[in-house]
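**Q**
In my numbering, the protein residues as written are 25 to 337.
(1) For the candidate residues 226, 197, 206, 73, whose alpha-carbon lies nearest to that of residue 213?
(2) Here's the rule: buried if 16 or more other CB atoms are within 10 angstroms of the residue's CB, otherwise exposed. What is residue 263?
(3) For residue 46, which of helix, strand or coil comes out of DSSP?
(4) Within 10 angstroms of the Cβ of residue 148, are there 16 or more other Cβ atoms? Answer buried if so, exposed if not.
(5) What residues match up with residue 38 in a beta bridge as DSSP calls it?
(6) Could you please give the first and the last residue of the uninterrupted alpha helix (DSSP H) stretch that includes residue 322?
(7) With a 10 Å radius around its C-beta and 16 neighbouring C-beta atoms as the bar for buried, classify residue 143 as buried or exposed.
(8) Between which two residues does the alpha helix (DSSP H) carrying residue 170 extend?
(9) Measure the beta-carbon distance from residue 141 to residue 203 and round it to whole angstroms, keeping in mind my assumption that it falls under 8 Å.
(10) Give, in chain order, every unbroken run of the alpha helix (DSSP H) that is at least 4 residues long and sits entirely within the stretch 246-314.
(11) Would you please state the rounded distance, in angstroms, between the beta carbons of residue 137 and residue 277? I believe it to be under 8 Å.
(12) Looking only at its own chain, which residues have a Cβ that is under 7 Å from the Cβ of residue 162, when we skip the five neighbours before and after it?
(13) Who are the near neighbours of residue 280 in its chain, counting only those whose CB is closer than 6 Å to its CB and skipping five residues on each side?
(14) Residue range of the alpha helix (DSSP H) that residue 97 falls in?
(15) I need the straight-line Cα distance from residue 325 to residue 314, nearest angstrom please.
(16) What number of angstroms, rounded off, separates the C-alpha of residue 91 from the C-alpha of residue 238?
(17) What residue range does the alpha helix (DSSP H) around residue 204 cover?
(18) Taking residue 310 and residue 67 to be in contact with their CB atoms under 8 Å, please state how far apart those CB atoms are, rounded to whole angstroms.
(19) Would you mind stating whether residue 39 and residue 116 have Cβ atoms separated by less than 9 Å?
(20) Measure from the alpha carbon of residue 216 to the alpha carbon of each residue in 246, 242, 157, 193, then state which is nearest.
(21) First and last residue of the alpha helix (DSSP H) that includes residue 218?
(22) Let me know if residue 56 comes out buried or exposed under the rule of 16 or more other beta-carbons within 10 Å of its beta-carbon.
(23) Less than 8 Å between the CB atoms is what I'm expecting for residue 178 and residue 113, so what's the real figure, rounded?
(24) Quick check on the DSSP output: the alpha helix (DSSP H) that includes residue 159 runs from which residue to which?
(25) Closest to residue 269 by CA distance: which of 82, 86, 51 is it?
(26) Quick one: is the Cβ of residue 262 within less than 8 Å of any heavy atom of the ligand GTP?
(27) For residue 272 versus residue 139, is the C-beta spacing smaller than 9 Å?
(28) Would you kindly work out how many angstroms separate the C-alpha atoms of residue 205 and residue 124, rounded to a whole number?
(29) Given residue 76, which residues of its chain have a CB within under 6 Å of its CB, disregarding the five upstream and five downstream residues?
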C-alpha cells in the first residue's frame with residue numbers, strides 16, 4: 025500500500041485468479057461448468073418460450089416465472105463465460121471498467137432475483153387465500169408494474185453500491201482472489217479504510233433480505249392457515265404443490281446469498297466464499313427451471329401438448 029493515496033498509481037486492470045489454481049482439475053471443471061451453462065441457457069430459454077407459446081400458462085404465476093428464467097439466464101451469462109475461460113488460462117485480466125460493469129450487473133441481477141421471489145410469494149398468497157379475486161388483485165398491469173419496480177430498485181441499489189465501492193482508491197495490488205469481480209474480494213484491494221463501505225454493503229444486503237423474507241414469511245403464513253382450513257385433502261395437496269417449487273427455489277437462493285453477503289465483516293474464508301458463490305451464480309440458475317418443470321403439473325401438461333412427454337408424472 026502506498027504511503028499516501030496521492031502518490032499512488034491508480035489500478036487500470038485487475039487479475040482474476042479463478043476458481044482453482046490446480047491445473048489437473050481445470051480440464052474436468054471446464055467440461056462440468058460448460059455442461060451446466062449449456063443446460064442453464066437451454067432450460068431457461070425453453071421455459072420462457074413455453075410460457076409465451078402456451079395460452080394456458082398466460083397467468084401471473086407463469087409470467088413471473090418467465091421473468092425469473094430471464095434473470096437466471098442473464099445472471100449466469102455475466103460471469104460463467106469468464107469462469108470457463110479461466111480454466112483454459114493460468115489467470116485472466118479484466119479492465120477496471122470491465123470490473124465495474126461486471127460487479128454492477130451481478131449485483132443488479134442478484135437483487136432482482138431476491139425481489140422477484142418475494143413477489144412470487146405474494147402471488148401465491150393472492151391465488152390461494154383470495155382465489156375469486158386473484159385475477160383482479162394480480163392484474164396484468166400490476167404484474168408489469170411489479171417487474172418494472174423490481175428492475176428500478178435493483179438498478180438503483182446496484183448503482184449505489186458499485187459507485188461507492190469504486191470511489192475508493194485502488195492503487196496497490198490488483199490480484200482478485202475470485203473468478204469474478206465480487207464485492208468483498210475487490211474491497212480487500214482498496215488502499216483506504218473500507219469500514220464505511222462494508223457497513224453500507226451489509227446494511228443494503230440486510231435491508232433487501234429482511235424486507236423480502238418478511239413478505240415471503242407473511243405470505244406463506246397466510247397460505248398455511250388457508251390450506252389448513254380446506255376440507256378436501258385434494259385441494260390441500262394442489263395448493264401446497266403450487267408452492268413447493270417456489271419454496272425450494274427460495275431456500276436454495278437465499279441460503280447461499282445470505283451466507284456470502286449478509287455478514288457484518290468481509291473477513292472470512294475466500295476459498296469458502298468462492299465455492300458458495302458457484303451455487304448462486306452458476307448452479308441455481310440451472311436448477312430453477314428444472315425444479316419448476318419437474319414439480320409442476322401445468323408445465324408438464326404444457327410440455328406434453330407441445331409434444332414433449334418425457335417428464336415423469
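Just so it is clear, CB atoms sit at the ideal spot from N, CA and C, and this is done for glycine as well.
**A** If we stick to the structure as given:
(1) The residue labelled residue 213 in the question sits at position 189 within the chain shown. Nearest C-alpha to residue 213: 197.
(2) Numbered from 1 along the chain shown, position 239 holds the residue referred to as residue 263. Counting Cβ neighbours within 10 Å, residue 263 comes out buried, since at least 16 surround it.
(3) Position 22 of the chain shown, counted from the start, is the residue given in the question as residue 46. Residue 46: coil per DSSP, three-state reduction.
(4) Locating residue 148 in the chain shown gives position 124, counting from the first residue. Buried.
(5) Sequence index remark: in the chain shown, residue 38 carries index 14 (1-based). Partner(s): 118.
(6) For the purposes of this step, residue 322 is identified with residue 298 of the chain shown, where counting begins at 1. Looking at the DSSP string, the run of the alpha helix (DSSP H) that includes residue 322 is 321-329.
(7) In the chain shown, the residue the question calls residue 143 occupies position 119. It is buried - the Cβ of residue 143 has at least 16 other Cβ atoms within 10 Å.
(8) By 1-based counting over the chain shown, the position of residue 170 is 146. Where residue 170 is concerned, the enclosing alpha helix (DSSP H) stretches over 164-191.
(9) Translated into positions along the chain shown, residue 141 becomes position 117. Translated into positions along the chain shown, residue 203 becomes position 179. With 8 Å as the limit, residue 141 and residue 203 do not qualify as a contact, their Cβ atoms being about 25 Å apart.
(10) 257-285, 294-302
(11) One-based indexing of the chain shown puts residue 137 at position 113. One-based indexing of the chain shown puts residue 277 at position 253. Residue 137 to residue 277, Cβ: 6 Å. Contact.
(12) By 1-based counting over the chain shown, the position of residue 162 is 138. Correct list, in chain order: 84, 147, 150.
(13) The sequence position of residue 280 within the chain shown is 256, counting from 1. Contacts found: 300, 303, 304.
(14) Here residue 97 is taken as the residue at index 73 of the chain shown, counted from 1. For residue 97, the uninterrupted alpha helix (DSSP H) segment begins and ends at 84-112.
(15) By 1-based counting over the chain shown, the position of residue 325 is 301. By 1-based counting over the chain shown, the position of residue 314 is 290. C-alpha separation (whole angstroms): 15 Å.
(16) The sequence position of residue 91 within the chain shown is 67, counting from 1. The sequence position of residue 238 within the chain shown is 214, counting from 1. Cα to Cα, the separation comes out at about 22 Å.
(17) Along the chain shown, read from residue 1 onward, the residue named residue 204 stands at position 180. Looking at the DSSP string, residue 204 is not in any alpha helix (DSSP H), and its letter there is neither H nor E.
(18) Against the chain shown, residue 310 aligns to sequence position 286. Against the chain shown, residue 67 aligns to sequence position 43. Between residue 67 and residue 310 the Cβ distance is about 7 Å, and since that is below 8 Å, they are a contact.
(19) The residue given as residue 39 occupies position 15 in the chain shown. The residue given as residue 116 occupies position 92 in the chain shown. Their beta carbons are under 9 Å apart, which means residue 39 touches residue 116 by this criterion.
(20) One-based indexing of the chain shown puts residue 216 at position 192. Nearest of 246, 242, 157, 193 to residue 216, Cα basis: 193.
(21) Reading the chain shown from its first residue, position 194 is the one you call residue 218. In the DSSP assignment, residue 218 falls outside any alpha helix (DSSP H) and carries neither an H nor an E.
(22) Counting from one through the chain shown, the residue named residue 56 turns up at place 32. Result: exposed.
(23) Position 154 of the chain shown, counted from the start, is the residue given in the question as residue 178. Position 89 of the chain shown, counted from the start, is the residue given in the question as residue 113. In fact, because the Cβ distance is near 32 Å, the residues do not count as touching under 8 Å.
(24) In the chain shown, the residue the question calls residue 159 occupies position 135. Per DSSP, residue 159 belongs to the alpha helix (DSSP H) from 158-161.
(25) Reading the chain shown from its first residue, position 245 is the one you call residue 269. Minimum Cα distance to residue 269 is reached at 86.
(26) Because no ligand of any kind appears in the structure shown, any question about the ligand GTP cannot be addressed here.
(27) Start at 1 with the first residue of the chain shown, and residue 272 comes out as number 248. Start at 1 with the first residue of the chain shown, and residue 139 comes out as number 115. Result no, Cβ atoms of residue 272 and residue 139 do not sit closer than 9 Å.
(28) Residue numbering aside, residue 205 sits at position 181 when the chain shown is read from its first letter. Residue numbering aside, residue 124 sits at position 100 when the chain shown is read from its first letter. The alpha-carbon atoms of residue 205 and residue 124 are separated by roughly 8 Å.
(29) For this step, residue 76 is matched to residue 52 along the chain shown. For residue 76, where only same-chain residues beyond five positions count, there are no Cβ hits under 6 Å.
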